[in-house]
Amino acid sequence: MSAVLQPIEARFEPLTAELMEAVVAVEQSAYAHPWSRGNFADTLASGYEAQLLMAGDTLLGYFIAMKGADEVHLLNITVAPAHQRQGWARVMLDALALWSRGQGAEWLWLEARAGNLRALAVYEAHGFRRVGQRKDYYPAADGQREDAVVMSLKL
């Protein structure tokens, strides 16, 4: 007998100071070199687009984006480890593209770790194209640095 999967009702809501600790906890569980609480506080202070994907009281993921003149730069997109490989990154990328178009943006930009093959595959499946590389962009293990792949999506 197979189990029946129950649908999950998800919604977006803005990042607030009250939800900051949950976001920081997910960030720390998802990455070897996570953003700090200060990084998230700075995004709130700067007025960046910071959306949480919630199911009830459960944080599924979040994205942070910065609007420019005719473009949006995705600064952070994270799916909580317990909810990865369920399509939530695609949901957030769709929401980001929709918001960006509403802001008059023509392009979405992002950087991804060169070694993060899973993320690169998700972005490419979503239509992003590799357009460059930034040498030694990210911190890595043992004081080393890792290159970033620069990607863009025409909206």
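Okay, so the sequence shown: first residue is 13 according to the numbering used here, each after it adds one. C-beta atoms are modelled at their ideal positions from N, C-alpha and C, and glycine is treated no differently.
Assigned with DSSP and collapsed to three states, Phe52 falls in helix.
As for any beta strand (DSSP E) of minimum length 3 sitting wholly inside the segment 105 to 129, the runs are 119 to 125, ordered along the chain. Pairing Ala77 with Leu56 gives a Cβ-Cβ distance that is not under 9 angstroms. Counting the other CB atoms within 10 Å of its CB gives Ala53 a total below 16, which places it among the exposed residues. DSSP places Glu33 inside the alpha helix (DSSP H), whose first and last residues are 32 to 42. Here the segment 122 to 129 makes no contact with the segment 92 to 109; the two share fewer than three CB pairs at distances below 8 angstroms.
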